[in-house]
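Reviewing the structure listed below.
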């Protein structure tokens with residue numbers, strides 16, 4: 033169980049998806065024109081007014097296989113990228129799931145299989161699942177200093193409580209997963225994410241790096257409502273996109289429960 037990260041998408045993004053067949057492909061999601069075929073539907077009009085009053089960037093309403101309404105405020109368009117904040121945590125969990133689907137790791141194995149620096153320490157028994165579910169017991173210090181080597185800090189900050197003994201919201205443990213992924217896939221996490229998630233789904237989102245050239249794993253990415261909707265839709269389709277199993281159904285079910 034590590035569903036927290038997937039709740040973040042629903043809470044931090046103003047994306048409303050009614051059904052499970054997402055219509056946007058890499059070819060037609062590039063349109064800069066909002067879709068507004070809902071007419072004067074009072075339900076959607078009320079939702080749009082409420083969201084607009086809160087200065088949100090956009091709202092997407094989908095019915096069946098078609099986006100029936102999008103609303104953007106100010107100078108924003110469907111292609112405008114905005115700070116995605118903690119929705120990045122959901123992306124990180126998804127990348128871990130993709131790596132597991134490709135048999136490069138298993139979320140129930142010890143993170144120290146990849147983070148050799150933890151061997152012989154109080155953190156040696158921490159599993160990847162515990163890092164995902166924020167139950168690792170690691171200290172929390174990160175605020176995302178763009179000039180610092182956040183990965184080095186996250187790995188070396190130390191243990192505070194027994195692994196698995198309690199839940200605590202954290203950015204630090206999510207950042208540690210950059211090292212896990214990098215060593216598991218044998219290369220750049222950013223390249224892995226582009227090849228296995230962004231490109232297949234036609235997402236235009238952009239990742240950020242810190243002063244140590246580490247990809248931020250807990251925040252600081254730029255995304256759009258359409259891209260967030262695609263991420264959610266990947267799970268609604270049990271990890272399959274264009275007939276390709278990007279995430280195993282087992283991982284998707286694990287993330288939901």
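In our numbering, the protein residues as written are 33 to 289.
Beta carbons: idealized from backbone N, C-alpha and C, even for Gly.
Residue pairing from DSSP places residue 104 in a beta bridge opposite 90. Note on geometry: alpha-carbon atoms of residue 102 and residue 90 lie some 7 Å from one another.
Here residue 195 is buried: its Cβ has 16 or more other Cβ atoms, across all protein chains shown, within 10 Å.
Within the same chain, 232 come within 8 Å of residue 276 by CB-CB distance, once the 5 residues on both sides are set aside. Of the other Cβ atoms in all chains shown, fewer than 16 fall within 10 Å of the Cβ of residue 288; this residue is therefore exposed.
Annotated three-state conformation of residue 120 is helix, per DSSP. The DSSP-derived three-state label of residue 144 is helix. With fewer than three CB-CB distances shorter than 8 Å, the stretch 262-278 does not count as touching the stretch 200-213. In this structure residue 247 does not touch residue 208 by the C-beta definition: roughly 12 Å separates them, more than the 8 Å allowed.
Burial is judged here by how many other beta carbons sit within 10 angstroms of a residue's own beta carbon; residue 140 has fewer than 16 and is exposed. 7 Å or more divides the Cβ of residue 143 from the Cβ of residue 128.
For residue 156, the secondary structure class from DSSP, reduced to helix, strand or coil, is coil. Two segments are said to touch when three or more pairs of C-beta atoms, one from each, lie closer than 8 Å; by this definition the stretch 234-253 touches the stretch 169-185. Non-local C-beta neighbours of residue 197 in its own chain, meaning closer than 8 Å and more than five positions away in sequence, comprise 167, 169, ordered along the chain. With a cutoff of 7 Å on beta-carbon distance, residue 250 and residue 203 are scored as near each other. The beta carbon of residue 228 lies closer than 6 Å to those of 130 in the same chain, with the five residues before and after it left out. Assignment of residue 200 by DSSP, reduced to helix, strand and coil, places it in the coil class. In the three-state scheme derived from DSSP, where H, G and I count as helix and E and B as strand, residue 136 is classed as coil. Distance from residue 259 to residue 223 at the Cβ level is roughly 18 Å; contact not present, criterion being Cβ atoms closer than 8 Å. A residue is called buried when at least 16 other Cβ atoms come within 10 angstroms of its Cβ; residue 124 meets this threshold and is buried. Note on geometry: alpha-carbon atoms of residue 105 and residue 92 lie some 13 Å from one another. One thing to note: residue 190 has its Cβ within 7 Å of the Cβ of residue 171. A distance of 7 Å or more separates the beta carbons of residue 77 and residue 137. In the three-state reduction of the DSSP assignment, residue 115 falls in the strand class.
For a cut-off of 8 Å, the C-beta gap from residue 115 to residue 254 is around 6 Å, short enough to register as a contact. If you draw a straight line from the Cα of residue 252 to the Cα of residue 109, it is about 20 Å long. Between residue 163 and residue 205, the C-beta spacing is below 7 Å.
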